[in-house]
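Chemist: So the sequence lines, in the order shown, correspond to chains F and S.
If you're matching positions, the first sequence starts at 1 in full-length UniProt numbering and goes up one per residue.
If you're matching positions, the second sequence starts at 1 in full-length UniProt numbering and goes up one per residue.
Ideal placement from N, C-alpha and C gives every residue a C-beta, glycine not left out.
Input: one structure, supplied below.
Number of protein chains: 2
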Amino acid sequence: MTELEKGPKGRRRGRGARERILSASQQLFREQGINRTGMDQLCAAAEVSKRTAYQHFTGKDELVAEYLRRFDPSVLSGVFDRTDLTPRERLLAAFDIPPTTPLCPYIAAAVELHDPQHPASQCARDYKKAVAARLADTAREAGAADPEQLGEQLALLIDGAAARTRVLNADAFPAAAAIAAVLIDNAIPATAGDDRRREEVSS
Amino acid sequence: MTELEKGPKGRRRGRGARERILSASQQLFREQGINRTGMDQLCAAAEVSKRTAYQHFTGKDELVAEYLRRFDPSVLSGVFDRTDLTPRERLLAAFDIPPTTPLCPYIAAAVELHDPQHPASQCARDYKKAVAARLADTAREAGAADPEQLGEQLALLIDGAAARTRVLNADAFPAAAAIAAVLIDNAIPATAGDDRRREEVSS
DNA sequence: TGTTATGTACACCGCCCTGTGTGCTTACAG
DNA sequence: CTGTAAGCACACAGGGCGGTGTACATAACA
Numbered sequence: 001m002t003e004l005e006k007g008p009k010g011r012r013r014g015r016g017a018r019e020r021i022l023s024a025s026q027q028l029f030r031e032q033g034i035n036r037t038g039m040d041q042l043c044a045a046a047e048v049s050k051r052t053a054y055q056h057f058t059g060k061d062e063l064v065a066e067y068l069r070r071f072d073p074s075v076l077s078g079v080f081d082r083t084d085l086t087p088r089e090r091l092l093a094a095f096d097i098p099p100t101t102p103l104c105p106y107i108a109a110a111v112e113l114h115d116p117q118h119p120a121s122q123c124a125r126d127y128k129k130a131v132a133a134r135l136a137d138t139a140r141e142a143g144a145a146d147p148e149q150l151g152e153q154l155a156l157l158i159d160g161a162a163a164r165t166r167v168l169n170a171d172a173f174p175a176a177a178a179i180a181a182v183l184i185d186n187a188i189p190a191t192a193g194d195d196r197r198r199e200e201v202s203s
Numbered sequence: 001m002t003e004l005e006k007g008p009k010g011r012r013r014g015r016g017a018r019e020r021i022l023s024a025s026q027q028l029f030r031e032q033g034i035n036r037t038g039m040d041q042l043c044a045a046a047e048v049s050k051r052t053a054y055q056h057f058t059g060k061d062e063l064v065a066e067y068l069r070r071f072d073p074s075v076l077s078g079v080f081d082r083t084d085l086t087p088r089e090r091l092l093a094a095f096d097i098p099p100t101t102p103l104c105p106y107i108a109a110a111v112e113l114h115d116p117q118h119p120a121s122q123c124a125r126d127y128k129k130a131v132a133a134r135l136a137d138t139a140r141e142a143g144a145a146d147p148e149q150l151g152e153q154l155a156l157l158i159d160g161a162a163a164r165t166r167v168l169n170a171d172a173f174p175a176a177a178a179i180a181a182v183l184i185d186n187a188i189p190a191t192a193g194d195d196r197r198r199e200e201v202s203s
């Protein structure tokens with residue numbers, strides 16, 4: 001057990017400053033945006049000295065990138081790994097966004113940072129591609145004729161709903177879900193040989 | 001003629017500082033974003049002294065709002081007033097975005113400013129609603145069963161393409177246009193009995 | 001025990017930002 | 001020509017920002 005130091009996460013016997021910093025980032029970056037959240041404020045919210053923060057992260061940029069990486073597991077697998085839904089339902093479940101989500105943080109970061117080379121921007125790109133890929137996988141599972149295309153289309157709908165929700169200050173996901181239902185039904189051949197679809201509620 | 005002063009635009013015999021400021025805003029806010037463009041840089045680009053800029057605009061906030069208001073005529077009417085296209089083609093023409101458009105400035109402003117109360121944010125909301133309304137009008141013209149819904153859906157597609165283009169650094173408008181075509185065809189009854197379809201689409 | 005990694009407290013730096021104060025120049029109207 | 005308003009040059013205030021230096025406290029392990 002003397003070798004548990006130097007884990008990939010770095011910290012070995014402290015009192016969890018890094019986690020508090022990232023947790024505070026999650027909250028503040030969402031509520032106020034990245035640019036409008038200063039390191040002073042962030043450290044105060046995390047109950048961490050600024051010095052400590054800069055020992056864990058070389059700079060704000062790295063902190064932002066790490067903050068974005070923390071989202072993958074929660075949303076992504078939370079939707080796609082549900083075995084209680086048919087593939088088609090899983091595709092639609094991606095549009096059931098809890099109202100606690102003001103705007104996809106990846107879009108926000110890409111817009112706020114405004115630099116495609118920024119590590120966080122690349123992280124956002126990777127995430128968006130991963131989501132589209134998982135949507136495509138599920139689309140394939142649902143028997144879509146062109147799963148990649150459907151996945152890309154659904155991803156576009158999600159992003160559109162997110163952006164529009166932000167600009168209009170009104171939930172746009174139901175509208176996006178309605179479009180998604182149309183696209184899904186159009187993409188899955190009526191003779192679809194998929195495994196578990198039983199009811200169709202198209203209108 | 002002694003009373004031509006105090007026109008709605010304010011300036012009466014100067015050498016056009018206000019126009020230069022707004023023109024420079026147009027360019028810089030797009031290229032660099034709003035937050036990353038300082039007033040110093042902006043005034044330098046506009047060849048205007050900072051003092052003059054603050055005599056025309058009470059602050060950066062007002063300048064940003066005015067900058068957004070300058071977009072309405074160009075894009076909006078440039079697409080919808082084309083009489084050489086059928087209504088259906090006009091709806092699709094909204095997705096023909098010249099590559100010189102990095103991201104819808106309204107979305108960018110709403111994200112960057114991060115304050116729904118900001119005058120520019122309200123301006124963005126108004127614009128988005130106006131676009132949706134014009135899309136709905138055109139949809140009605142095209143004989144859509146539910147024009148409002150189709151207009152809202154197309155607007156969502158446009159915003160999704162804009163956001164996705166920004167995040168992925170790749171043009172997403174063709175994909176959005178493909179979806180739009182599907183939605184339009186789904187929304188317009190094959191037996192379209194609207195008043196103004198005289199041109200038999202060159203299908 | 002002492003060493004070392006970790007976290008803290010607080011002051012501090014230089015930079016850039018929005019925004020002003022002041023006095024001078026230019027151009028047009030009468 | 002003269003008056004007046006538009007615009008200009010320059011310096012500066014006030015503040016927030018990202019980021020550091022220093023000295024000290026604490027927890028885990030040898």
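Under the rule that 16 or more other beta-carbon atoms within 10 Å means buried, what is residue 50/S, buried or exposed?
Modeler: By the neighbour-count rule (16 or more Cβ atoms within 10 Å), residue 50/S is not buried but exposed.
Chemist: Enumerated in chain order, which unbroken segments of the alpha helix (DSSP H) with a length of 4 residues or greater are wholly contained in the segment 54-140 of chain F?
Modeler: Entirely contained in the segment 54-140 of chain F, the alpha helix (DSSP H) runs reaching 4 residues are, in chain order, 60-69, 87-93 and 105-113.
Chemist: I need the DSSP call for residue 47/F, collapsed to helix, strand or coil.
Modeler: In the structure shown, residue 47/F sits in coil (DSSP, three-state: anything other than H, G, I, E or B).
Chemist: Please report whether the beta-carbon of residue 106/S lies at a distance below 8 Å from any beta-carbon of chain F.
Modeler: Yes, because at least one Cβ of chain F sits closer than 8 Å to the Cβ of residue 106/S.
Chemist: Determine the DSSP secondary structure at residue 189/F, reduced to helix, strand or coil.
Modeler: DSSP places residue 189/F in coil when its eight states are reduced to three.
Chemist: Given a limit of 7 Å on CB to CB distance, which residues of the segment 108-142 of chain F reach chain S?
Modeler: If the cut-off is 7 Å between Cβ atoms, the segment 108-142 of chain F has 108, 110, 111, 112, 114, 116, 124, 125 and 128 near chain S.
Chemist: Using three-state DSSP, classify residue 146/F as helix, strand or coil.
Modeler: Three-state result, residue 146/F: coil.
Chemist: When the Cα atoms are used, what is the spatial distance from residue 151/S to residue 26/F?
Modeler: Residue 151/S and residue 26/F: Cα-Cα distance of roughly 35 Å.
Chemist: Mind checking residue 188/F: buried by the 16 CB within 10 Å criterion, or exposed?
Modeler: So residue 188/F counts as buried.
Chemist: What are the boundary residues of the alpha helix (DSSP H) that includes residue 172/S?
Modeler: Taken as a continuous stretch (DSSP letters only), residue 172/S belongs to no alpha helix (DSSP H), as it is neither H nor E.
Chemist: Beta-carbon separation of residue 94/S and residue 135/S under 8 Å?
Modeler: Going by C-beta atoms, residue 94/S is nearer than 8 Å to residue 135/S.
Chemist: So, helix, strand or coil for residue 16/S, using DSSP?
Modeler: The answer is coil: DSSP assigns residue 16/S none of H, G, I, E or B.
Chemist: Using 8 Å as the limit for Cβ to Cβ distance, is residue 5/S near chain F?
Modeler: For residue 5/S, the predicted model reports a pLDDT of 32, less than 50, meaning its position is unreliable; a value from the coordinates is still stated below. So, not an interface residue.
Chemist: I'd like to check one pair, residue 148/F with residue 35/F: are the Cβ atoms closer than 8 Å?
Modeler: No, the Cβ-Cβ distance between residue 35/F and residue 148/F is not below 8 Å.
Chemist: Helix, strand or coil: which one does DSSP assign to residue 179/S?
Modeler: Three-state result, residue 179/S: helix.
Chemist: Quick check: the Cα distance between residue 170/F and residue 61/F, rounded to an integer number of angstroms?
Modeler: Their Cα atoms are separated by approximately 31 Å.
Chemist: Closer than 7 Å by beta-carbon distance: list the chain F residues that pair up with residue 48/S, in chain order.
Modeler: Those do not exist, as residue 48/S stays about 24 Å from chain F at its closest Cβ, beyond 7 Å.
Chemist: Is the beta carbon of residue 65/S closer than 8 Å to that of residue 45/S?
Modeler: No, these two residues do not count as a Cβ contact at 8 Å.
Chemist: Return helix, strand or coil for residue 37/S, following the three-state DSSP convention.
Modeler: In this structure, residue 37/S counts as coil in the three-state DSSP scheme.
Chemist: Measure from the alpha carbon of residue 154/S to the alpha carbon of each residue in 167/S, 129/S, 165/S and 168/S, then state which is nearest.
Modeler: If we check each option's Cα against that of residue 154/S, 129/S comes out closest.
Chemist: For residue 164/S, count the other beta carbons within 10 Å of its own beta carbon; 16 or more makes it buried, fewer makes it exposed. Which is it?
Modeler: With 16 or more Cβ atoms within 10 Å of its Cβ, residue 164/S is classed as buried.
Chemist: Under 8 Å between the Cβ atoms of residue 138/S and residue 91/S?
Modeler: Cβ atoms of residue 138/S and residue 91/S: closer than 8 Å.
Chemist: Identify which residue in 21/F, 168/F and 71/F has its Cα closest to the Cα of residue 43/F.
Modeler: Among 21/F, 168/F and 71/F, the Cα nearest to that of residue 43/F is on 21/F.
Chemist: Taking only beta-carbon positions, decide if residue 148/F is within less than 8 Å of chain S.
Modeler: No, its Cβ sits nowhere closer than 8 Å to a Cβ of chain S.
Chemist: Looking only at its own chain, which residues have a Cβ that is under 6 Å from the Cβ of residue 141/F, when we skip the five neighbours before and after it?
Modeler: 87.
Chemist: Whose Cβ in chain F lies nearer than 7 Å to the Cβ of residue 205/S?
Modeler: Nothing in the structure corresponds to residue 205/S, since chain S is present only between 1 and 203.
Chemist: Ordered along the chain, which non-local residues of its own chain (more than five positions away) have a Cβ less than 7 Å from that of residue 116/F?
Modeler: Closer than 7 Å at the Cβ level, and outside the excluded window around residue 116/F, lies no residue.
Chemist: Measure the alpha-carbon distance for residue 105/F versus residue 108/S and round it to whole angstroms.
Modeler: When rounded, the distance between both Cα atoms is 14 Å.
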